[in-house]
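Shown next, in structure tokens, is the structure this report addresses.
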Amino acid sequence: MHFIREAGYGIWPVLFFGIAALIVAARQAASPTPGRTVTALWLMALSFVFGLLATLMGVQASASGLPGITPDERWIFFLGLEEALYNLVTALMLSAMAMLLLLFAHLRSKPLARAVTAPQSARDESLQRAMV
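Laid out in structure tokens, this is it:
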């Protein structure tokens with residue numbers, strides 16, 4: 036959990052919304068319900084937005100320290116950049132895992148949707164043949 040300490044306080048909303056998206060997506064994979072997919076997508080979007088915001092705030096904090104140091108020490112900015120990027124990377128990793136679960140839920144429910152519509156069209160064709 037080194038990255039949580041390095042990322043700073045901005046990681047907490049990223050983790051909250053990202054883990055919530057994972058939980059909702061896992062429930063969707065277990066028993067697909069239409070409304071849950073939208074909830075998981077919103078939670079992933081919130082995780083990404085907070086990850087991006089925390090990253091930009093970290094980059095800004097790192098850049099604000101540059102004027103006070105000598106030019107040969109400015110490499111330290113890249114250490115701050117690394118720490119700031121943990122927020123965005125965490126948001127993307129959690130969202131990617133939730134998206135995989137949602138894909139699994141979609142593929143799992145897709146044959147069921149086709150099975151419901153296929154007999155109706157087949158029944159219509161057989162009725163039309165019977166009438167002729």
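According to the numbering used here, the residues represented by the sequence shown are 36 to 167, in order.
Backbone N, C-alpha and C define an ideal beta-carbon position, used for all residues, glycine too.
| query | result |
| --- | --- |
| For V49 and G75, believed in contact at Cβ under 8 Å, the rounded distance | Looking at the sequence itself, residue 75 is Ala, so the reference to Gly does not match. The pair is not a contact, with the Cβ atoms about 16 Å apart (cut-off 8 Å). |
| Residue from F83, L120, G115 whose Cα sits closest to the Cα of G53 | F83 |
| Candidates S66, A65, F51, of which the one nearest W77 by Cα | F51 |
| Whole-angstrom distance between S97 and G103, CA atom to CA atom | 11 Å |
| Unbroken alpha helix (DSSP H) run spanning W48, endpoints | Per the sequence shown, the amino acid found at residue 48 is Pro instead of Trp. Note, P48: alpha helix (DSSP H), 46-65. |
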